[in-house]
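Take a look at the structure set out below.
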Amino acid sequence: MDQLEIFKALSNKTRLQILQWLKEPELNFPSQQEYGFANGVCVGQIQAKAGLTQSTVSEYLALMQRTGLVTATRVGQWTYYKRNEEAFAALSKLVQSEL
1 MDQLEIFKAL SNKTRLQILQ WLKEPELNFP SQQEYGFANG VCVGQIQAKA GLTQSTVSEY
61 LALMQRTGLV TATRVGQWTY YKRNEEAFAA LSKLVQSEL
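Position 11 of the sequence shown, counted from 1, bears residue number 11 in full-length UniProt numbering, the numbering being contiguous throughout.
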């Protein structure tokens, strides 16, 4: 776990918002309800909610994926993202024990 990269990923308001949305995807992405959330949330749904360009959202998600905060699943031409709850548990433990 690269602490500096994780805290860098968390230092952006929109990235924090995305992580908060992904914590409760059913509540925050109701338009994806008919497709389910087994693979996560489609990047297009995240981009629409964030109101940013697709390239910016993809860059943010790629950074969060590199740090392990989210996982990505490719299905056909779409990529779906989920929070990595194990990474958040490890981060919580890190904060409690070292900071």
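Think of the CB as a built atom: it goes at the ideal place given N, C-alpha and C, for glycine as much as any other residue.
Note that the structure is predicted; figures quoted are calculated from it, not measured.
What number of angstroms, rounded off, separates the C-alpha of residue i from the C-alpha of residue j?
| i | j | result |
| --- | --- | --- |
| Leu-10 | Leu-91 | 11 Å |
| Ala-50 | Glu-98 | 33 Å |
| Gln-17 | Glu-34 | 23 Å |
| residue 102 | Leu-27 | Residue 102 falls outside the range modelled here, since the chain spans only 1 to 99, and no answer is possible. |
Among the candidates the options, whose CA atom is the shortest distance from the CA of residue i?
| i | options | result |
| --- | --- | --- |
| Glu-86 | Thr-71, Glu-26, Arg-15 | Thr-71 |
| Asn-39 | Glu-98, Tyr-81, Leu-61 | Tyr-81 |
| Cys-42 | Thr-14, Leu-94, Arg-83, Thr-67 | Arg-83 |
| Gln-47 | Asp-2, Thr-67, Thr-14 | Thr-14 |
| Lys-8 | Phe-88, Leu-63, Leu-52, Gln-45 | Leu-63 |
For the alpha helix (DSSP H) holding residue i, just list the boundary residues, first then last.
| i | result |
| --- | --- |
| Thr-71 | Here Thr-71 belongs to no alpha helix (DSSP H); instead the beta strand (DSSP E) covers 70-75. |
| Asn-14 | First, the residue type needs correcting, since residue 14 is Thr and not Asn in the sequence shown. It spans 13-23 - the alpha helix (DSSP H) in which Thr-14 sits, taken as one unbroken run. |
| Gln-65 | 54-66 |
| Leu-4 | 3-10 |
When we look at the beta-carbon of residue i and count the other beta-carbons within 10 Å, is it buried (16 or more) or exposed?
| i | result |
| --- | --- |
| Phe-29 | buried |
| Leu-69 | buried |
| Leu-61 | buried |
| Val-57 | buried |
| Gln-45 | buried |
Between which two residues does the beta strand (DSSP E) holding residue i run?
| i | result |
| --- | --- |
| Tyr-81 | 78-83 |
- How about the stretch 21-31 and the stretch 72-79: do they share at least three Cβ pairs that are nearer than 8 Å? no
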